Each structure stands twice: as structure tokens, then as C-alpha cells.
């Protein structure tokens, strides 16, 4: 029995390392997609688009391995939380890679148009912050660090602020008729893609907290409803 449990934990560790490898691919894809956008690199865009199929396949492989362990080993407690969470985390990573691909697609749509220097600077900052969020959240996952995982949400606030600044800057530049409407729309979508990458990093952090402590992300919504109930005597949806 002890040997079986040892083998089981070894298999969980192997899946964990595959999750870390997938996370590394996302971390690398973010600045690559940004370089594609800022440098009008069509060849780089094609590379990331083709690489996305492999990332999709790796995410599916992780999910299948987790389901297999759930079916064959009937894990409980921490092992159960980790396997279920890694299924979710694989999906978060796969969707983050898709967003990097979306940035490349936007770059192809605005190819030949020069990006305003102020907007370029903000894009670089959003990219850097999105990448840092994923570096931190994957470190928290690897180290089973609940405190670091909990801090990811606060780090994401800075990226949200950059997103708001970017949108405001687009409106200002468009008001001066210094940017084509099509380019403005595509760049607004790009800013949203970075913001969503940050959201996925937060979700990975929440799943890590669940693995380590059993804390459930969905309880945040319940707490907000309870606060409204305590304050008003009735629950009103946001």
C-alpha cells in the first residue's frame, strides 16, 4: 500500500511539473506577442499562432492525466484539491496563451500603421506587468505558497490601472484625429487582452490558495451578498 501511495504522489508531482512547464510557455508568450505588436513582426506572429496548437494539446493532456488519477486513485483531502485545481489551472493557462495569440492577430490587422509612442509605452508596461503576474502566480503554485498566491489579486490592480490609462489615452488621441478608428478599436481590444491575462493569473492564484488551505474562491461572492444583506436587509445583485 505504501508503495502504491508513493507511486501516486510521484505521478501527481509529474503532472505538477507539466503544469509548471505550461506556465513557463505562457510567461514566454506574453513578451513575444508584445514584440510582434510593437515591431510589426508578421513572422513572429505566425510562430506564436502555430505554437498555440501545441499548448492546447499539452493542456488537454494535463486534464486527461488528472481525470485518470481521480478515477483510479480516488484521492482525498489535499491530493483531491490539487488534482481538481490542476484541471482548472491548465484551462486558465490555455486561455492565457489564446489571449497572447489574439494580440498577434490584432497586430496583423493593424500592420503598416504606426502606434503612438505613448500607447507603445503603455503596451510595454501592461505586457511587463501581465508577465510578472504570471511569474508570481506560478511561483506560488510551485512553492505551495498561499500568502504569495493571495497577493496576486492586489498586484493585478496595477495592471487594471494601466488598462484604464490606456483606454483614456486612446480616446484623447482619437479626439485629436491622430489615430485611425480601426487602429484605435484594435488597440483597445489588445489592452483588454492584457487585462484578461492578469485575471487568469489571479484565478491561478486562487486555485493555489485552495490547494494549500482549502479556501474557496467562490466564497468571495457569498461574502459580498452577506455584506449587502447585513447592511440593507435584502440581497440585491450587483
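In the working numbering, the protein residues as written are 834 to 1071.
Note that the Cβ used here is the ideal one computed from N, Cα and C, for glycine as well.
Given the structure is predicted, the values throughout are model-derived calculations rather than measurements.
- Annotated three-state conformation of residue 949 is coil, per DSSP.
- The C-alpha of residue 989 is placed about 7 Å away from the C-alpha of residue 1032.
- By alpha-carbon distance to residue 1044, the top candidate from 1008, 979, 1020 is 979.
- Taking the CA atoms as reference points, residue 901 sits about 17 Å from residue 922.
- Under the three-state reduction of DSSP, residue 1047 is assigned to coil, being neither helix nor strand.
- DSSP, reduced to helix, strand and coil, places residue 1009 outside both helices and strands of the structure shown, so it counts as coil.
- Rounded to the nearest whole angstrom, the CA to CA distance from residue 871 to residue 1015 is 17 Å.
- By the 16-neighbour rule on beta-carbons within 10 angstroms, residue 982 is buried.
- By the 16-neighbour rule on beta-carbons within 10 angstroms, residue 855 is buried.
- The beta carbon of residue 960 sits closer than 7 Å to those of 863, 864, 867, 1027, all from its chain and outside the five residues before and after it, given in chain order.
- When the alpha-carbon of residue 851 is set against those of 899, 881, 878, 877, the nearest one is in 899.
- Assignment of residue 873 by DSSP, reduced to helix, strand and coil, places it in the coil class.
- For the pair of segments examined, the segment 876 to 886 was found to touch the segment 930 to 946: the number of CB pairs separated by less than 8 Å reaches three.
- Non-local C-beta neighbours of residue 953 in its own chain, meaning closer than 8 Å and more than five positions away in sequence, comprise 871, ordered along the chain.
- Of all C-beta pairs linking the segment 994 to 1001 to the segment 927 to 934, fewer than three are shorter than 8 Å, placing the two stretches out of contact.
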